[in-house]
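One structure is given below, encoded as structure tokens.
In my numbering, the protein residues as written are 10 to 142.
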């Protein structure tokens, strides 16, 4: 099992609760950036440590470099959030989250699509391969 999996798993429930609170207050149909700012504020109010717009480091065979890859939110250095406000979450959105998780060795991630009228229908949970075993 990934050493951060249990911590990330426990936090994921709190983060989903915070996202539901944002969605209840703001509704659907706004830009992703607005949901990001609101979620960061909600996480702060709930005492959940998080950073947004974090640069994702890339390494290839000992060569480390920075590309313009920025993840939306990382919660307590163990859970990545990919925030969306789109009609349909595409496989590419989930693949992007999984790529960030792999590059940063983060065991768990959530795609949260605020476009959904009922937010729970817009949440996808992604687990890094083998992290929960």
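Where is the CB? At the ideal position from N, CA and C, for every residue including glycine.
On a predicted model such as this, the values are computed, not experimentally measured, just so you know.
| query | result |
| --- | --- |
| Touching by the beta-carbon criterion (3+ pairs, under 8 Å), the region 46–63 and the region 130–139 | no |
| Chain-order list of residues whose beta-carbon lies under 8 Å from that of residue 96 (same chain, five-residue window excluded) | 124 |
| N-terminal and C-terminal residue of the beta strand (DSSP E) that residue 77 is part of | 72–84 |
| Bounding residues of the beta strand (DSSP E) (the contiguous stretch that carries residue 68) | 59–69 |
| Reduced DSSP secondary structure (H/G/I, E/B, other) of residue 21 | helix |
| Spatial distance of residue 24 from residue 113 (CA atoms) | 19 Å |
| Proximity of residue 79 and residue 64 at Cβ, strictly below 8 Å | yes |
| Expected contact under 8 Å - CB spacing of residue 84 and residue 49 to nearest Å | Contact doesn't hold; Cβ gap of about 10 Å is too wide. |
| Collapsed DSSP secondary structure at residue 131 in the structure displayed | helix |
| Distance CB(residue 115)-CB(residue 131) smaller than 8 Å | no |
| Pair within 8 Å by beta-carbon distance, residue 21 and residue 88 | yes |
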